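Chains as they are written, first to last, in the UniProt record's numbering: chain V, 1 to 244; chain C, 1 to 244. Just so you know, even glycine gets a beta-carbon here, dropped at the ideal spot from N, CA and C. In this text the structure is predicted, and so the values were computed from the model without any measurement.
Protein chains: 2
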Amino acid sequence: MSSAAPLFASLIRKLRLLAPTLNEEDEDALLALPHRLEHVRARSYLVREGTIPDECCLLIEGYAARSKLAFDGGRQIVSFHIAGDILDIQHLFLERADHDIQAITDAAILWISKAELRKLVLRRPAISVALWRDSLIDASIFREWVLNVGRRDARTRIAHMLCEFIARCEAVGLGTPQRMNLPFSQEEIADATGLTPVHVNRMLRELSEEGLITRSGRALEVQNWDRFQRVAGFNQAYLHAAAA
Amino acid sequence: MSSAAPLFASLIRKLRLLAPTLNEEDEDALLALPHRLEHVRARSYLVREGTIPDECCLLIEGYAARSKLAFDGGRQIVSFHIAGDILDIQHLFLERADHDIQAITDAAILWISKAELRKLVLRRPAISVALWRDSLIDASIFREWVLNVGRRDARTRIAHMLCEFIARCEAVGLGTPQRMNLPFSQEEIADATGLTPVHVNRMLRELSEEGLITRSGRALEVQNWDRFQRVAGFNQAYLHAAAA
DNA sequence: CGCGCGCTTGATCGATCTCAAAGGTGGTGG
DNA sequence: CCACCACCTTTGAGATCGATCAAGCGCGCG
Chain V
1 MSSAAPLFAS
11 LIRKLRLLAP
21 TLNEEDEDAL
31 LALPHRLEHV
41 RARSYLVREG
51 TIPDECCLLI
61 EGYAARSKLA
71 FDGGRQIVSF
81 HIAGDILDIQ
91 HLFLERADHD
101 IQAITDAAIL
111 WISKAELRKL
121 VLRRPAISVA
131 LWRDSLIDAS
141 IFREWVLNVG
151 RRDARTRIAH
161 MLCEFIARCE
171 AVGLGTPQRM
181 NLPFSQEEIA
191 DATGLTPVHV
201 NRMLRELSEE
211 GLITRSGRAL
221 EVQNWDRFQR
231 VAGFNQAYLH
241 AAAA
Chain C
1 MSSAAPLFAS
11 LIRKLRLLAP
21 TLNEEDEDAL
31 LALPHRLEHV
41 RARSYLVREG
51 TIPDECCLLI
61 EGYAARSKLA
71 FDGGRQIVSF
81 HIAGDILDIQ
91 HLFLERADHD
101 IQAITDAAIL
111 WISKAELRKL
121 VLRRPAISVA
131 LWRDSLIDAS
141 IFREWVLNVG
151 RRDARTRIAH
161 MLCEFIARCE
171 AVGLGTPQRM
181 NLPFSQEEIA
191 DATGLTPVHV
201 NRMLRELSEE
211 GLITRSGRAL
221 EVQNWDRFQR
231 VAGFNQAYLH
241 AAAA
């Protein structure tokens, strides 16, 4: 057991879920990777669009988002991330970042050499499968977001985004439908759903008034999880039991 | 050279671009894969959401789309595909299909055993890297689509979708901005952009009236490719030179 | 020749945006 | 401990973009 173990704990837990054949040798190989821990403040950028990162980043603590900018300055968040998530596995095989990665709360980041990780992946099939599956689930979530933003009305859209976030947090023990802490501002919810902050505010109020959720500050309680999922048209299948 | 060579030609061309280390042994291994050619009519489903496919499909000829349904029946196309594209690399490592795959014109499909391809990928790193990169580029395109539907107005959104399609077709010799054949109906453009067919029609007219494009039937001519890309806010970077 | 599907256009409606301003809240420094 | 500041939330009024409803048109195909 190296001293790196605690840092890699959440990653290894996740990879074991993704590839059951992952064994101790694989885990030791991961722990042996050159790495670097960094604590960043809310709103720091971890990766900027257009740059060529030479490290991959892993979110150890806190929350993060990936986003793109439209020409007119509009911002679209394309995914949210929670502790244990790999933020940019895509840079393992794509040179140039096509979007920004940003901490949305204070966060702890583990930076891992891209070159070393790439070598490891080619040497150890179980790690390769686990990381590949992770990136495929990433893509599945993007597809659901295209549907969410493209075809659902504002209320449903926000509810769906909340459902996904709750389901993913619950899967790793970061909350329950009855006791969630939303890390993001209404502006960030707006950027994720393709709405304006003003309208997000109104829709959240509507959801509250209908008795679907209770808010106080950034605490969120879902009264009836089944009903809320139905209202949101939420079906976990697209998470491919990443929430398991 | 096996008789399978012509069927695999476009795939191998693509994989060589994605992983320059791909060698002749790799290519032979691909050609040796068990496979099956199928001709399907426009609108056939190749994969249905919720099923567990045991083959991966490769588009040899024609055009295809991947789509998801919302609870209320709304349909969202999440990507378009052209000859040479791998339609469902995700099923290599994800059991259950999370969306539909559908031919939008008559098409020729090459079905490849998922189990065999999986074995091959674990044995041959160059193929693994190529396919992984392909799936990462897929994901990058989804991210751009989230931005497209979430943050661009109808006109820009349609223009952007056209730009992407043109750029990808041009990259494999299926057309030029000056001479494109759009395979999809306005309803399909609507399903891809999160708009209604009526509004797509109006926006296309507007783009014509502004002299940006000329349409006749499903033929499309872009008058000034640079200007059109600017109007669309289109920047190829997110295609990661898949269009190269 | 006729049928069906996709395209086109008009009129009206409504969801969401925009603009504007006031009220909270937590963190920081004096 | 208080005061201030930055940022976030909330609410109202009016404008707008795109949806909806409805009808005719045209072309390709059987």
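Residue environment analysis places ILE101 (chain V) among the buried positions, since at least 16 neighbouring C-beta atoms fall within 10 angstroms of its C-beta.
Within the model, the alpha-carbon separation for HIS39 (chain V) versus TRP111 (chain V) is close to 11 Å.
For ARG96 (chain C), a Cβ of chain V is located within less than 8 Å of the residue's own Cβ.
Nearest to VAL146 (chain V) by C-alpha distance, out of V:GLN76, V:ARG218, V:PRO53, V:PHE184, is V:GLN76. Nearest in C-alpha terms to SER79 (chain V), of all of V:ALA9, V:SER135, V:SER113, V:LEU207, is V:SER135.
By the rule that beta-carbons nearer than 8 Å mark a contact, LEU147 (chain C) touches chain V. Apart from the 5 residues on each side of it in sequence, LEU122 (chain V) sits with its Cβ closer than 8 Å to the Cβ of SER128 in its chain, given in chain order. By the criterion of a C-beta distance shorter than 7 Å, ALA42 (chain V) is surrounded in its chain by ALA103, ILE104, THR105, ASP106, once the five residues flanking it on both sides are discounted. In the three-state scheme derived from DSSP, where H, G and I count as helix and E and B as strand, GLN76 (chain V) is classed as strand. A Cβ-Cβ separation of about 5 Å places ILE166 (chain C) in contact with PRO177 (chain C) under the 8 Å criterion.
Under the three-state reduction of DSSP output, GLN178 (chain C) falls in the coil class, being neither helix nor strand.
Here the alpha carbon of PHE71 (chain V) sits roughly 38 Å from the alpha carbon of PRO125 (chain C). Scanning C:ASP153, C:GLU170, C:HIS91, C:PRO20 for the CA closest to the CA of LEU239 (chain C) turns up C:GLU170. When the beta-carbon positions are compared, ARG227 (chain V) and LEU212 (chain V) come within less than 8 Å of each other.
Put simply, the region 218–233 of chain V touches the region 148–164 of chain V. At least three CB pairs are less than 8 Å apart. Closer than 8 Å to the CB of ASP138 (chain V) there is at least one CB belonging to chain C.
Restricted to the UniProt domain "HTH crp-type" (152–226) of chain C, the beta strand (DSSP E) segments that are unbroken, complete and at least 3 residues in length are 213–216, 219–222, listed in chain order. Under the Cβ distance rule, TYR238 (chain C) counts among the residues neighbouring chain V, one pair being separated by less than 8 Å. Taking C-beta atoms as the reference points, LYS114 (chain V) and GLU187 (chain V) fail to come closer than 8 Å. The C-beta separation of ILE82 (chain C) from ARG168 (chain C) comes to about 6 Å, placing the pair in contact by the 8 Å criterion. Of the residues assessed, GLU24 (chain C) falls on the exposed side of the cut-off, its CB having fewer than 16 other CB atoms within 10 angstroms. The Cβ of SER135 (chain C) sits closer than 8 Å to at least one Cβ of chain V.
Comparing C-alpha distances from ASP153 (chain V) to each of V:VAL231, V:TYR63, V:ASP28, V:GLY73 shows the shortest one belongs to V:VAL231. Taking C-beta separations shorter than 8 Å and ignoring five residues to either side along the sequence, the partners of THR193 (chain C) in its chain run ASN148, VAL149, ALA154, ARG157, ILE158, MET161, VAL200, following chain order. The beta-carbon distance between SER140 (chain C) and ASP98 (chain V), rounded to whole angstroms, is 5 Å. This is short enough to meet the 8 Å contact definition. By the Cβ neighbour-count rule, LEU37 (chain C) is exposed, with fewer than 16 other Cβ atoms within 10 Å of its own. By the rule that beta-carbons nearer than 8 Å mark a contact, TRP111 (chain V) does not touch chain C. VAL47 (chain C) places its beta carbon less than 8 Å from that of ASP88 (chain C).
With respect to the C-alpha of LYS14 (chain C), the residue from C:PRO34, C:GLY173, C:ARG215, C:GLU49 having the closest C-alpha is C:GLY173.
Your pair ARG133 (chain V) and LEU92 (chain V) does not check out as a contact, with CB atoms roughly 14 Å apart and the cut at 8 Å. Listed by position along chain C, the residues whose Cβ is nearer than 7 Å to that of ARG152 (chain V) are ALA70. Of V:GLN236, V:PHE142, V:ILE109, V:GLU209, the smallest CA-CA separation from TYR63 (chain V) is found for V:ILE109.
The Cβ of SER44 (chain C) sits no closer than 8 Å to any Cβ of chain V. For ILE112 (chain C), the enclosing beta strand (DSSP E) starts and ends at 107–113.
Linking ALA19 (chain V) to LEU18 (chain C) through their CA atoms gives a straight-line distance of about 25 Å. SER10 (chain V) sits buried, since 16 or more C-beta atoms from the chains shown fall within 10 Å of its C-beta.
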